[in-house]
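Take 872 as the starting number for the sequence shown in the working numbering and just add one per residue.
Data first, discussion second: the structure below is written as structure tokens.
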Amino acid sequence: MAKKVLVTLTDEQYENLKKSTALGETDAEKLRNAFLIYDNLKDLLEVIKKLRE
């Protein structure tokens, strides 16, 4: 089930979001895709950390 979220950005953050055309067409798509990228990178960083141990 999809949930709707209200997000407040600073002017600088919003300008960066507008420039991120590779993430999608709408603000919602861009934010969703940015979160998915973050979530995947977080998992990757955990794997790298475990490999270093």
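We put the CB at the ideal spot given by N, CA and C, even for glycine.
Thinking just about the alpha-carbon of each residue, which of the options is nearest to the one in residue i?
i: Tyr885; options: Lys901, Val876 and Ala873; result: Lys901
i: Thr949; options: Lys913, Ala899 and Met872; result: Outside the modelled stretch of the chain, which goes from 872 to 924, sits residue 949, for which no answer is possible.
i: Lys874; options: Leu912, Arg903, Arg923 and Ile919; result: Arg903
i: Val876; options: Phe906, Lys890 and Arg923; result: Phe906
Could you give the distance in angstroms between the alpha-carbon of residue i and the alpha-carbon of residue j?
i: Tyr909; j: Leu915; result: 10 angstroms
i: Glu917; j: Thr897; result: 30 angstroms
i: Met872; j: Lys921; result: 33 angstroms
i: Asn887; j: Ile919; result: 28 angstroms
Ordered along the chain, which non-local residues of its own chain (more than five positions away) have a Cβ less than 6 angstroms from that of residue i?
i: Ser891; result: Lys901
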